[in-house]
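In UniProt numbering, the protein residues as written are 1 to 299.
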């Protein structure tokens, strides 16, 4: 599953337009310890557009309801109702029969979680959404909603606070996330918790990396395509608006060896001119798959 990381505190508003580069458009949004501006108006507008276009969203964080619980985004897109700003209950159970929550038991206190859950929101679903997680039999911790166009899962606590302790009967954050991703898209394949990856029929992996990153002059692009994917392969670069600005490399079907391939890219655009400083997205595509990596150029 291809993904990128984006820190709104240092990189600004997330460029929703680049989500078109992904086969399964999913955003996982953490608000951390923020008390205010958990989601700015710009963030809410961007996420609304993303959802309207068929994207899926996992939104998680304490204080979100307290901060924007009276907003249209909260009611019309999350389909949530904010009830209370805090609970001392750190044992969270899955709602029986729910596709995500059924059978889950989660701990949001202590290690190896972040240990930062001091203001978990008590929320509830509106009439068209569903309960996923409960702090207690009466207090809701997480909900989900399927509009038919988009899907959203919203936790009133921070996902980072989940203390993964399977040996003690508490589910891991990885297992919870796997449930959410599977509800979003059943075709998504999630690697095992130990990061191992099973390759049927001897296939190699489908990977993409850039080093160094950030870079000033030249970068080595390393990619790996499965043996059965040795068809036309392209490496293209897009800016934050989703516009293609460079074609790094293209090879016709049958000309690409399976396994690890490396090329050097000097950060130039389609005209051979050096791209300006900024954030770009390198997309490796074959006839049936694609993977995206964020690249930072410094001049």
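Even for Gly, the Cβ is constructed at its ideal location relative to N, Cα and C.
- Item | Unbroken alpha helix (DSSP H) run spanning residue 42, endpoints | Indexing the chain shown from 1 puts residue 42 at position 42. Run containing residue 42: 41-52, per the alpha helix (DSSP H) assignment.
- Item | Own chain, CB closer than 6 Å to residue 145, minus 5 neighbours either side, in chain order | Here the question's residue 145 lines up with position 145 in the chain shown. Hits under 6 Å: 79, 129 and 152.
- Query: Do you know whose CA, among 114, 27, 73 and 244, lies nearest residue 160's CA?
  - Reply: Taking the chain shown and counting its residues from 1, one reaches residue 160 at position 160. For residue 160, the nearest C-alpha among the options comes from 114.
- Message: Three or more C-beta pairs under 8 Å: does that hold for the segment 80-94 against the segment 25-35?
- Response: no
- Which residues mark the beginning and the end of the alpha helix (DSSP H) in which residue 173 is found? Counting from 1 along the chain shown, the entry for residue 173 is found at position 173. DSSP places residue 173 inside the alpha helix (DSSP H), whose first and last residues are 173-184.
- Task: Mind checking who residue 290 pairs with in its DSSP beta bridge?
- Result: As a working mapping, residue 290 is identified with position 290 in the chain shown. Partner(s): 285.
- Within 10 angstroms of its Cβ, does residue 298 collect 16 or more other Cβ (buried), or is it exposed? Position 298 of the chain shown, counted from the start, is the residue given in the question as residue 298. Looking at its Cβ environment, which holds fewer than 16 other Cβ atoms inside 10 Å, residue 298 is exposed.
- Item | the segment 91-100 / the segment 56-71 touching (three or more Cβ pairs under 8 Å) | no
- Task: Go through its chain and collect everything with a Cβ distance to residue 246's Cβ below 6 Å, but skip five positions before and after it.
- Result: Position 246 of the chain shown, counting from 1, holds the residue named residue 246. The answer, listed in chain order, is 237, 269 and 270.
- Message: Helix, strand or coil for residue 18? Go by DSSP, reduced to three states.
- Response: To locate residue 18, count along the chain shown from 1; it is residue 18. Looking at residue 18 - three-state DSSP - the assignment turns out to be helix.
- Task: Would you tell me roughly how many angstroms separate the C-alpha atoms of residue 64 and residue 38, rounded to the nearest one?
- Result: Taking the first residue of the chain shown as position 1, residue 64 is located at position 64. Taking the first residue of the chain shown as position 1, residue 38 is located at position 38. Going from the Cα of residue 64 to the Cα of residue 38 covers about 6 Å.
- Query: So, residue 107 versus residue 179, is the Cβ gap smaller than 8 Å?
  - Reply: Taking the chain shown and counting its residues from 1, the one referred to as residue 107 is at position 107. Taking the chain shown and counting its residues from 1, the one referred to as residue 179 is at position 179. Here residue 107 is not near residue 179, since their CB atoms are 8 Å or more apart.
- What is the C-beta distance between residue 207 and residue 232, in whole angstroms, given that I count them as a contact (C-beta under 8 Å)? If you number the chain shown from 1, residue 207 lands on position 207. If you number the chain shown from 1, residue 232 lands on position 232. At roughly 18 Å, the Cβ-Cβ gap does not stay under 8 Å, so residue 207 and residue 232 are not in contact.
- Message: So, at 6 Å on beta carbons, what are the nonlocal neighbours of residue 214 in its own chain, with the 5 sequence-adjacent residues on each side left out?
- Response: Indexing the chain shown from 1 puts residue 214 at position 214. Leaving aside the five residues that flank residue 214 on each side, the residues in its chain whose CB is nearer than 6 Å to its CB run, in chain order, 296 and 298.
- Query: Closest by CA to residue 90, which one among 32, 141 and 33?
  - Reply: Taking the first residue of the chain shown as position 1, residue 90 is located at position 90. Answer by Cα proximity: 141.
- Below 6 Å CB to CB, which residues in the same chain sit around residue 284 once its five sequence neighbours on both sides are set aside? Residue numbering aside, residue 284 sits at position 284 when the chain shown is read from its first letter. Here the set comprises 208, 223, 235 and 291.
- Message: For residue 261, which residues in the same chain have their Cβ closer than 6 Å to its Cβ, ignoring the five residues on either side in sequence?
- Response: By 1-based counting over the chain shown, the position of residue 261 is 261. So the list reads 223, once near-sequence residues are dropped.
- Message: Out of 170, 249, 103 and 75, which one is the CA nearest neighbour of residue 154?
- Response: For the purposes of this step, residue 154 is taken as residue 154 along the chain shown, with counting starting at 1. Taking only the C-alpha atoms, the option nearest residue 154 is 75.
- Could you spell out the range, first to last residue, of the alpha helix (DSSP H) harbouring residue 65? The residue labelled residue 65 in the question sits at position 65 within the chain shown. From DSSP, the alpha helix (DSSP H) with residue 65 extends over 64-68.
- Task: Could you tell me if residue 301 is buried or exposed, where buried requires 16 or more neighbouring beta carbons within 10 angstroms of its beta carbon?
- Result: This structure cannot settle anything about residue 301, because the visible part of the chain is limited to 1 through 299.
- Which word fits residue 111, buried or exposed, when buried means at least 16 other C-beta atoms lie within 10 angstroms of its C-beta? Here residue 111 is taken as the residue at index 111 of the chain shown, counted from 1. It counts as exposed.
- Host beta strand (DSSP E) of residue 340 (start-end): Summary: the structure shown does not reach residue 340, with the chain confined to residues 1 through 299, and so no result is reported for it.
- Taking buried to mean at least 16 other C-beta atoms within 10 Å of its own C-beta, is residue 101 buried or exposed? One-based indexing of the chain shown puts residue 101 at position 101. So residue 101 ends up on the buried side.
- C-beta atoms of residue 17 and residue 277 nearer than 8 Å: Taking the chain shown and counting its residues from 1, the one referred to as residue 17 is at position 17. Taking the chain shown and counting its residues from 1, the one referred to as residue 277 is at position 277. Contact flag unset, no.
- Query: Taking buried to mean at least 16 other C-beta atoms within 10 Å of its own C-beta, is residue 46 buried or exposed?
  - Reply: If you number the chain shown from 1, residue 46 lands on position 46. A residue is called buried when at least 16 other Cβ atoms come within 10 angstroms of its Cβ; residue 46 meets this threshold and is buried.
- Under 8 Å, do residue 220 and residue 264 count as touching if we go by C-beta distance? Locating residue 220 in the chain shown gives position 220, where the first residue counts as 1. Locating residue 264 in the chain shown gives position 264, where the first residue counts as 1. Their beta carbons are under 8 Å apart, which means residue 220 touches residue 264 by this criterion.
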